[in-house]
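For the record, the sequence lines run as chains A and B.
Counting in our numbering, the first sequence runs from 186 upward without gaps.
Counting in our numbering, the second sequence runs from 887 upward without gaps.
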Amino acid sequence: MVHVWLGGLDDTTARSVRVFLEVRHSDHFAVTGLDEAEVLMVDLDRPDAAASLGAARDEQVVLGVGFSDDPAPGEWRRYLQKPLTGESLMAALDDALTLVGTRRPVVEPSRLDRGHRARDLFAPPRPQAESPSTGERRSYPAPRTYEAPQARTREAPRWDAERPSRQAPAAFATPAGRPSPALPVAPAVPVGRSSVRRLAEESAGHHTTGTAAEALGRRTEVEPVEARDGGDLRDPGVLASYTYSPAAHLDGLVRKVAAQHHGTLWELRGPTVTLVGDPLDDTVLASVSATRLRQYCGSPLGDGWQVVARPRRPDTTGLRRVQREVLLWDTAVWSSAGRLADTVDPFAVTGLRAWPDMTRGVLTPSALPIVALLAACPQRPVDVAEKLGISRTHVFVVVSALEALGLLEPLGAAGVATEVPVPPRAETRGLLRRLLGRLR
Amino acid sequence: MTMAVDHYKVLFTGPVGAGKTTAIRTISDSLPMMTDVAATDATKDRKSHTTVAMDFGVIKLGRSEVVHLYGTPGQERFDFMWEILREGALGLVVLVDNALPDPVADLHHFLDAYQSFIDTAPVVVGITRTDVRPDPPRSAYVSSLAARGLCCPVFTVDARDHADVSLLLQSLLYCLDPQAEPA
């Protein structure tokens, strides 16, 4: 999946490109925020074009779009002339992908692609729809043969199986059920302007099309989680390799601070991040993007985190507002990385109090059936993977996130697992399979 | 009008303006048939057109296999349609407009109307327009449903967003069979 950011495009163009990428080529492209994008597509004819590029990073490829007779005006080595066509857009994206090092299989174009490639996306309809280059066979990827997400070259390093274990050192470990040590308390000062400005730059253009789904924090794809199943979890050594301590990670810290300051404003300050919990609408204001926040979840937290005493309500300009439960879910997913929170007994029958909001948090593989199973019939977490025929780590990441939200209902080691509901008749099961396949 | 029981279908219901028509339009493979007309009653303050019979969309699974999506009219005077539509349905999607004065009560109004159906079939709840009015929070719906003995998916959704509507439908299907594997 290639992530494209649309910057400064007018609404019609942005919508058209989005539809082109996400409907016609949804298996390969997603329009995302600036931080997650590999390719930035910027309208150079807009006066704010330069400002849009202010936060671009070195590894991001900039694709300029504009009106010019020069095929590569000025500094714009990768430049698309208006009016855009499907073919020129795909060719430019192919070129950009080569630059970011993403490998894409070369296959014959699909019937839809062939029919579409000569169409001018943005110019008024013209009788001559054929492009001069229609005789040339361009190659487009076919959905069925596209690489699995784990093959992405920009894979986050924390999913790398070769990396050493990131288990919390003993000094951080907190036994299940015990509170973690008190945090240092800092005096109240306003959230730093520099961080606000940075976030404003980072999030510029995030809501290109302005749908409510985006405004509410739309997720764009399933988060890859390494599938790992080896070893007997009754062996403490094996179990340790499948667990992590939320008390030493950001998810546990946020949960603890939010619980301690229930109903009041709270502020948690880290080395370069500030989180402010607002009880009025049960949201958290973050001074950094989700991508930046994720970086704090990859390993146990070090020193430098403080709870601010009696914080003042910050100026929200440039701050990212996210539902508290979504923030907890996301940070737990990122911290867990397929491991089980050490506050959860993997051998205790566990039910679910309520479903989380799964349209807003990070979605992980098989998250829906895992939650559906636990909601329908309490199970031991160690049994869920077998009953669903999925990887143990895919279960643990979801269970850890549910634990972060306080949605698990442990029935204790002596609890009895409920039988999985009788499946629908074969005919209906077949339909469910096909419909699920169609909806994914 | 009678409906064959062996038709696979999913029902969308909820108050006027909650996004039933939009959700069906978003997820349908072909342009759904709409039966909207200009609103003439109290509805007109909320939307220019309203559904007087039902919305109908399809998700195509193969050459001949389709799943029908039915959106039921929101106004109470069309209650008679509900009985007809719910026959043979896989499950129920209730969309609730969070910007209405008492959306939690609205949810229960529709759950009450479908009580006999949701005793035997799954229900999922989509809360729309939380960007317009975030209050009441999602937790208010969850608590209210728990008091009713329901532990069902409750998601905030944008009815215009394919991913949101798709997730809502997928959750409905997994409630029917958590062990279902996508083909």
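For each residue, glycine too, the CB sits at the ideal point set by N, CA and C.
Being a predicted model, the structure only gives us computed values, none of them experimental.
Let me see if you follow: with CB-CB separation under 9 Å, is residue i close to chain A or not?
i                         : result
threonine 926 of chain B  : Model confidence at threonine 926 of chain B stands at a pLDDT of 48, short of 50, so the residue's coordinates are unreliable and nothing is read from them.
leucine 997 of chain B    : no
arginine 911 of chain B   : no
lysine 946 of chain B     : yes
serine 1025 of chain B    : yes
aspartate 983 of chain B  : no
threonine 1042 of chain B : yes
serine 1057 of chain B    : yes
serine 950 of chain B     : no
leucine 976 of chain B    : yes
proline 989 of chain B    : no
Under 9 Å between the Cβ atoms of residue i and residue j?
i                         : j                        : result
serine 1025 of chain B    : aspartate 467 of chain A : yes
valine 529 of chain A     : leucine 596 of chain A   : no
proline 1023 of chain B   : leucine 976 of chain B   : no
proline 608 of chain A    : alanine 1066 of chain B  : yes
valine 582 of chain A     : valine 518 of chain A    : yes
isoleucine 945 of chain B : arginine 623 of chain A  : yes
glycine 1012 of chain B   : valine 1043 of chain B   : yes
alanine 560 of chain A    : leucine 593 of chain A   : no
threonine 516 of chain A  : valine 439 of chain A    : yes
alanine 586 of chain A    : proline 541 of chain A   : yes
alanine 985 of chain B    : threonine 544 of chain A : no
leucine 1053 of chain B   : leucine 620 of chain A   : no
tyrosine 427 of chain A   : arginine 413 of chain A  : yes
Within 9 Å of any Cβ in chain B, is that where the Cβ of residue i sits?
i                         : result
threonine 217 of chain A  : no
tryptophan 540 of chain A : yes
proline 464 of chain A    : no
aspartate 467 of chain A  : yes
proline 554 of chain A    : yes
arginine 440 of chain A   : no
arginine 296 of chain A   : Confidence at arginine 296 of chain A is low in this model, with a pLDDT of 32, below 50, so its placement is unreliable and no value can be given for it.
glutamate 452 of chain A  : no
leucine 621 of chain A    : yes
arginine 625 of chain A   : yes
proline 606 of chain A    : yes
leucine 617 of chain A    : yes
proline 609 of chain A    : yes
methionine 543 of chain A : yes
Out of curiosity, what's the CA-to-CA distance linking residue i and residue j?
i                         : j                        : result
proline 199 of chain A    : arginine 911 of chain B  : A small correction: the amino acid at residue 199 of chain A is alanine; proline does not occupy that position in the sequence shown. Using only the alpha carbons, I get a separation of about 21 Å.
glycine 943 of chain B    : histidine 954 of chain B : 6 Å
leucine 513 of chain A    : leucine 418 of chain A   : 26 Å
serine 379 of chain A     : leucine 206 of chain A   : For serine 379 of chain A, the predicted structure reports a pLDDT of 39, less than 50, and the residue's modelled location is therefore unreliable. A value from the coordinates is still provided. In a straight line, the C-alpha of serine 379 of chain A is about 35 Å away from that of leucine 206 of chain A.
proline 1068 of chain B   : leucine 558 of chain A   : 16 Å
isoleucine 575 of chain A : serine 551 of chain A    : 8 Å
valine 902 of chain B     : tyrosine 1000 of chain B : 17 Å
glutamine 480 of chain A  : valine 979 of chain B    : 37 Å
valine 469 of chain A     : threonine 501 of chain A : 11 Å
aspartate 420 of chain A  : threonine 603 of chain A : 26 Å
serine 273 of chain A     : leucine 265 of chain A   : 7 Å
glutamate 221 of chain A  : arginine 477 of chain A  : 10 Å
tyrosine 894 of chain B   : arginine 614 of chain A  : 12 Å
Helix, strand or coil for residue i? Go by DSSP, reduced to three states.
i                             : result
glutamate 221 of chain A      : coil
phenylalanine 1041 of chain B : strand
threonine 899 of chain B      : strand
isoleucine 910 of chain B     : helix
aspartate 279 of chain A      : helix
histidine 447 of chain A      : coil
phenylalanine 1003 of chain B : helix
alanine 494 of chain A        : coil
glutamate 571 of chain A      : helix
threonine 549 of chain A      : coil
glycine 615 of chain A        : helix
phenylalanine 942 of chain B  : strand
threonine 502 of chain A      : coil
Got a sec? Which residues, its chain only, sit under 6 Å from residue i by beta carbon, not counting five neighbours each side?
i                       : result
glycine 437 of chain A  : Pro431
serine 1057 of chain B  : Val1010 and Pro1039
valine 246 of chain A   : Val224, Ala281, Leu284 and Val285
leucine 1055 of chain B : none
Leaving out five residues on either side along the sequence, give the residues of the same chain with a beta carbon under 8 Å from the beta carbon of residue i.
i                         : result
aspartate 1063 of chain B : none
leucine 617 of chain A    : Pro609
glycine 1035 of chain B   : none
Leaving out the 5 sequence neighbours to the left and right, which residues in its chain are closer than 7 Å to residue i when beta-carbon positions are compared?
i                       : result
alanine 909 of chain B  : Phe898, Leu981, Ala1045 and Val1051
glycine 905 of chain B  : Leu981, Thr1014 and Ala1045
proline 496 of chain A  : Ala373, Leu450, Trp451, Glu452 and Val461
arginine 509 of chain A : Ala443, Gly462, Asp467, Thr468 and Val469
Shorter than 8 Å, the distance from the beta carbon of residue i to the closest heavy atom of the ligand NAP, or not?
i                       : result
tyrosine 894 of chain B : The model depicted lacks the ligand NAP and carries no ligand whatsoever.
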